[in-house]
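These notes concern the structure reproduced below.
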Amino acid sequence: MSDLTAKRLSMDEFTAIQAEILTQWPTGRDVDFDEAVAYHQSLPANKIFSRALDKAKTDGNTLIQPRAGVALIPQHVKLLTYLQDEGEADLLPTTIDSYTRQNRYKEAEIGIEESIRENKSMLNGFPAVNHGVFGCRQIIDNLDIPVQIRHGTPDARLLTEIAYAGGFTSYEGGGISYNIPYAKSVPLETTIRDWQYVDRLTGLYEEAGCPINREPYGPLTGTLVPPFISHAVAIIESILAAEQGVRNITVGYGQCGNLVQDVAAIQTLQSLTDEYLRRFGYGDVQVTTVLHQWMGGFPQDEAKAYAVIAWGSAVAALSHATKVIVKTPHEAMGVPTKEANAAGLRTTRQLISMLGEQTLNTYSLKDEKVIIAAETRAVVDRVLELGEGDIAVGTIRAFDAGVLDIPFAPSRFNAGKMLPARDNDGCIRLFHPGNVPLPPELLDFHQQKIEERAHYENRKASFQMVIDDVYAISKGRLVGRPR
Amino acid sequence: MSDLTAKRLSMDEFTAIQAEILTQWPTGRDVDFDEAVAYHQSLPANKIFSRALDKAKTDGNTLIQPRAGVALIPQHVKLLTYLQDEGEADLLPTTIDSYTRQNRYKEAEIGIEESIRENKSMLNGFPAVNHGVFGCRQIIDNLDIPVQIRHGTPDARLLTEIAYAGGFTSYEGGGISYNIPYAKSVPLETTIRDWQYVDRLTGLYEEAGCPINREPYGPLTGTLVPPFISHAVAIIESILAAEQGVRNITVGYGQCGNLVQDVAAIQTLQSLTDEYLRRFGYGDVQVTTVLHQWMGGFPQDEAKAYAVIAWGSAVAALSHATKVIVKTPHEAMGVPTKEANAAGLRTTRQLISMLGEQTLNTYSLKDEKVIIAAETRAVVDRVLELGEGDIAVGTIRAFDAGVLDIPFAPSRFNAGKMLPARDNDGCIRLFHPGNVPLPPELLDFHQQKIEERAHYENRKASFQMVIDDVYAISKGRLVGRPR
Amino acid sequence: MDKKHLVIGVIGADVHAVGIRILEFAFREAGFEVTNLGVMVSQEEFIAAAIETDADAILVSSLYGHGELDVRGMREKADEAGLEDILMYVGGNIVVGKQPFAEVEKRFKKMGFDRVFAPGTPPETDIYYLKKDLGLLDQAETEADQQPKAENGGGEE
Amino acid sequence: MDKKHLVIGVIGADVHAVGIRILEFAFREAGFEVTNLGVMVSQEEFIAAAIETDADAILVSSLYGHGELDVRGMREKADEAGLEDILMYVGGNIVVGKQPFAEVEKRFKKMGFDRVFAPGTPPETDIYYLKKDLGLLDQAETEADQQPKAENGGGEE
Ligand code: B12
Ligand code: B12
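Chains as they are written, first to last, in the numbering used here: chain W, 1 to 483; chain S, 1001 to 1483; chain Y, 2001 to 2157; chain U, 3001 to 3157.
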């Protein structure tokens, strides 16, 4: 870790890495920065992601975006066209398959071949590296609205080069959020560095006049993540990105299920990210927010899945998130059909436009905002302290120490000591804080909330309570009451 | 109108009417009060409607209930069994067909015959009078949960006799709510009197130890009805019912679409009904509430219909209504299949149980409650004044004068001068008050709210605005913005 | 050119009052003269009103599901009353339940209706066909046959 | 009687970490000894762990959709390593998309899995079959064959 720092990569460092990266797979050859810039500049405004986001933020609208990706280009274009036209999507995704995410391009190639042979997608996403720059441009060329790469790739450098040269104008991920929930044994230091490369590349496009939106991945493991934890990660990744020249950032949050906590979370996510960026001298970065509809286990029954989708949409509308990522009625079963995906979008559309005029202003909202802000500050400030001013260094040390700790994460670089559980109103609180550095009065607050519930349920708080909460929504509840 | 009064029918008056009523159709013969009381007393607690409601109220639960009815008994039992088992319904309905509602039993008989011949229901509901007392009991006998008659019958006296003798333990309707939205030229005086008969019959069963729940029909025309109007009607019908001996009443409200207005409406509906009943000396009447999911035009697309259903469920849960009446994804198309009906129920179930723990407590909620209460009191008190203390007489005079005025009602005894429209947040306000007697400060408030919207939309408030609001939800919005 | 005259109403025991009120407003705005009989209108009342007002078209609305039973024999009765040439439309939710619209349309056309409108058809569509059938579209419009897109599902043909 | 030993893990490039953690907990509570290999486990790691711990069963979890590609040839490799008799289960969301489960089950059984579990199968069901297949049910239970009802859709067979 000796030389990790939050500072901007020098051009020398950058080009040295680039030379190596572009030879990792044959399609890397086709990346030509100047030609790519020209391609970006030829794009009409309606295909540029950050334009759509900035406009939505100004207008107070919430945009809707699905997840979707299949193995082959024509089928993928057809799928996205369908989601655009029949799903009424405002923004489109290109979800990357799991082999590509692990840089296993050979296995992705086999997946492509099998998909051709079996005439159905054998991959769970679009293998963009294998399809290369010109494959990607077929997507951009054939659609009328902005398209984003969504994935979960610890080392996304080659993918980013190809995606940007391929004309994508938004890119999800970050050195923490695409490591801890998505990898088992990749050191954080490595992914932070690799994502500094991605952010620097974004900065280079930005400086060449091609705006590219970056989205730290908000929901993390999607499973009982308390808002302040994902807020802390979002803020850290935003600062890291801004340092490399990123100018348009969407910070994300996965719905927890309690209306007040969720609205408070989206609103504080916006204000705290703005605040920290300003503090670091990046007041000019344009920040927007995204709410992810419930990211944990879904009910199998489609009628019940619609209920969960609709509730996420209502929360996105009432909190005025800039966009919402949409689930489908097939969520619990598998990668959705295009029809199921479009249905989820239309359910969302109906609620977003029905409720877009309303705002929530509850007594408890104010309290909850104060709480989330205090929690987030406690964590982020401790990270800075640990890094002796360098937020990259601080992040590594914070994960080592369990100061940053993400529930249910697969990574062995995550402490996994903090245990979350719901309180009696369904807000996510800490059942066991591990080493998360909340001040005593907040720790008391969390403990008291969990005890309230334990008392109500007439049982001790235990890991069984956490498990019950993991299953709860798929079984039709928010709080996992004893059976 | 000379002899109309809110006073209890004497036993002589009652039996005179009864003798006549029971000969209106041959099945009337089978009604035998003492035998019916014995049948009711043989029913297990799980089949008794008011028991289920009282328990839900105590527990703070919201029960779910569909609408459903087909022409033939075996098919109807099968349908209800399906909704009980696959739809997870807590309460069941038996929705009556439109010919029976108009006392056109001969046409209903033709509908039954055609339904047998064509092997599908040619009627839009269950013709309970034609099927008679023992036909009805087949329904009660074959189901495990309480069943209610739901209809829209101006003169429901024979239907009630048969339904009660048939073992139903809950009955929807009222002299105002089943006239003005459901008839064209039946005088109010007639229906109020006919429903006093229904209520007195309910009272007789109650006095014989057979609890029967009564539900004034809340949503009226289901189309932009401001909460205070339906509250006024619900309170009046509750008082009229209580006078005849009814002891268990569920007052209803059709969702308007704005979260705060809807939660305020359910909460004030409970408190104001309690208050007026107490004032009239009926403090011992058990009052519960029902929220009807959006009763106006639905979107055709099922994915969007699910969104509307889910939002209604969320509001029912957050307002802690005692029960919720459920719509289906087929709403805009036609009478639903049993599968569509069960799907609507399961969407509702998911949200009710997910959100049941949460409560809303907004700054604006308090304001909205104050407003709805003041509006309702202004109308009900004026009705009492007009009736010189007699609320039945007052009601007739109030409709004559447009003091009570229901938007879009088909009845020629309704003034139709008041015009509702949504404000900028989607709350239903008065665009034109007609003769509805709101105090000046409230009229100002309404006017200001509508002007705010007109200004925002850069157009004058006009009937076009009302039309746009009528279509809005079916087109994916709440407020009907200019195209 | 004289204004064309329409008789509209909701047939049978049906009390759905909202749609017909909006149709009345929309048809007036579009330049028609309209007699709105309201809800719960019998076949006889439709025919009498059409004779009395010398109407060009009768528009029957039915929402509640009994439409199929309620309109039987109406065309024959109208013909007998001397209204052989009168245009007759039917629309709303005219059968019980969600049925394939093509089949429903066939059944109602067989009963003598000139056009049959699916649930939720917007007034613009109705007006377009009325103008077309009553010879009010100018050449260009007819040739382009620019039937407005049904916003809300449905739409005829 | 000795405790039975299970080797569990999530195969391939799959990082879904929640289900396997809960299975570990549930199997321990049910009286099994469990080696949880966590996520991103290769076929070789499963087999090595099973040999090392002298396991009675290998339970392969796959959520992310590539399960069908990831488990190919696993049974053969296990047999070669001398694990001919080891019980092998597979479960989770083992194929891409919502496919008819009966067909999916057939394909995986053909690949040598003893039982195949549908999406969202609750631990009680897994435990019931483990006990059954490992001879841990007493006579009465086996005769009644009281497979717990899958609460959450799915369930095997
Ligand atoms: C949370 C989640 C995530 C989190 C995971 C965080 C983490 N690291 O754990 C995040 C967001 C990171 C994620 C990522 C991805 N996910 Co994911 N995810 C889910 C989700 C919503 C819940 C999973 C969960 O935790 N459930 C709760 C636990 C308790 O249940 P469970 O996992 O089903 O396990 C239980 C049972 O299935 C059973 N069981 C499981 N395995 C076995 C094995 C045996 C032998 C037995 C007997 C029983 C058994 O017992 C378990 C305990 O009860 C599911 C959809 C759903 N179920 O609602 C999608 C889902 C599994 N994910 C999916 C996909 C595709 C992905 C991605 C590839 C992204 C993408 N393309 O969309 C990446 C994969 C990255 C990778 N390399 O693996 C798909 C899989 C599609 C398919 N099979 O067709 C699903 C079904 C969503 C969907 N419909 O598209 N995901
Ligand atoms: C509001 C409503 C009510 C209110 C009506 C208040 C009132 N007096 O007006 C109340 C609650 C009282 C009610 C009662 C009933 N209703 Co109702 N109701 C509705 C609802 C939700 C909206 C209707 C509406 O106002 N839409 C808005 C207006 C603007 O649209 P519209 O009516 O569709 O009309 C437009 C078009 O269809 C078209 N159009 C209509 N007619 C014609 C004719 C021609 C020639 C043309 C060209 C165009 C045209 O133009 C209109 C203007 O744009 C509909 C379902 C839906 N659409 O979402 C059910 C619905 C119509 N009702 C239905 C039923 C069954 C009933 C009841 C019998 C109760 C029951 N068994 O469930 C009773 C009937 C009582 C009676 N005797 O009529 C069913 C009909 C089922 C079917 N056909 O299979 C529906 C479809 C609901 C359902 N899916 O079950 N209802």
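All residues carry an ideal CB built from backbone N, CA and C; glycine is no exception. Given the structure is predicted, the values throughout are model-derived calculations rather than measurements.
Rounded to whole angstroms, what is the Cα-Cα separation between residue i and residue j?
| i | j | result |
| --- | --- | --- |
| Lys-1449 (chain S) | Met-1465 (chain S) | 14 Å |
| Arg-481 (chain W) | Ala-1128 (chain S) | 42 Å |
| Asp-425 (chain W) | Gln-1358 (chain S) | 6 Å |
| Ile-1396 (chain S) | Tyr-1178 (chain S) | 14 Å |
| Glu-1302 (chain S) | Trp-294 (chain W) | 21 Å |
| Glu-107 (chain W) | Tyr-99 (chain W) | 6 Å |
| Leu-79 (chain W) | Lys-338 (chain W) | 6 Å |
| Tyr-3129 (chain U) | His-330 (chain W) | 27 Å |
| Thr-94 (chain W) | Gln-1065 (chain S) | 42 Å |
| Glu-86 (chain W) | Ala-340 (chain W) | 11 Å |
| Asp-381 (chain W) | Ala-373 (chain W) | 12 Å |
| Arg-1971 (chain Y) | Asp-2114 (chain Y) | Given that chain Y is displayed from residue 2001 to residue 2157, the structure contains no residue 1971 (chain Y) and the question cannot be resolved. |
| Glu-1207 (chain S) | Val-1326 (chain S) | 32 Å |
| Val-315 (chain W) | Asp-262 (chain W) | 7 Å |
| Val-233 (chain W) | Ile-371 (chain W) | 17 Å |
| Arg-1008 (chain S) | Leu-1404 (chain S) | 23 Å |
| Tyr-1164 (chain S) | His-1320 (chain S) | 29 Å |
| Lys-1184 (chain S) | Arg-1412 (chain S) | 6 Å |
Can you find a CB in chain S that lies within less than 8 Å of the CB of residue i?
| i | result |
| --- | --- |
| Ser-364 (chain W) | yes |
| Arg-279 (chain W) | no |
| Leu-2006 (chain Y) | no |
| Thr-95 (chain W) | no |
| Asp-425 (chain W) | yes |
Could you name the residues that DSSP lists as bridge partners for residue i?
| i | result |
| --- | --- |
| Ile-325 (chain W) | W:Gln-65 and W:His-292 |
| Gly-1252 (chain S) | S:Val-1290 |
| Met-3088 (chain U) | U:Ile-3058 |
| Leu-1092 (chain S) | S:Val-1147 |
| Ser-121 (chain W) | In the DSSP output, where bridge partners are listed per residue, Ser-121 (chain W) has none listed. |
Taking 7 Å as the cut-off, is the C-beta of residue i nearer than that to any heavy atom in ligand 3?
| i | result |
| --- | --- |
| Arg-1067 (chain S) | Because ligand 3 does not appear in the structure shown, any question about it cannot be addressed here, the ligands present being ligand 1 and ligand 2. |
State the CB to CB distance for the pair residue i and residue j, rounded to an integer number of angstroms; the pair is presumed to be in contact (CB under 8 Å).
| i | j | result |
| --- | --- | --- |
| Leu-345 (chain W) | Leu-83 (chain W) | 6 Å |
| Val-3015 (chain U) | Pro-410 (chain W) | 5 Å |
| Asn-1435 (chain S) | Ala-1392 (chain S) | Actually they are not in contact, since the Cβ atoms of Asn-1435 (chain S) and Ala-1392 (chain S) sit about 20 Å apart, beyond 8 Å. |
| Met-1354 (chain S) | Leu-478 (chain W) | 5 Å |
Hey, is residue i's beta-carbon within less than 8 Å of any beta-carbon in chain W?
| i | result |
| --- | --- |
| Gly-1296 (chain S) | no |
| Glu-1357 (chain S) | yes |
| Ile-1473 (chain S) | yes |
| Val-2964 (chain U) | Because chain U is modelled from 3001 through 3157, residue 2964 (chain U) falls outside the range shown and cannot be assessed. |
| Lys-1304 (chain S) | yes |
| Ser-1319 (chain S) | no |
| Val-3015 (chain U) | yes |
| Ile-3127 (chain U) | no |
With a cut-off of 8 Å, does the C-beta of residue i fall near any C-beta of chain Y?
| i | result |
| --- | --- |
| Met-1001 (chain S) | Below a pLDDT of 50, predicted positions are generally treated as unreliable, and Met-1001 (chain S), at 47, falls in that range; no measurement from the model is reported. |
| Arg-1333 (chain S) | Looking at the sequence provided, one finds Met at residue 1333 (chain S) rather than Arg. Yes, its Cβ sits closer than 8 Å to a Cβ of chain Y. |
| Asn-1341 (chain S) | no |
Under a CB-based cut-off of 8 Å, is residue i close to chain U?
| i | result |
| --- | --- |
| Asn-435 (chain W) | no |
| Asn-130 (chain W) | no |
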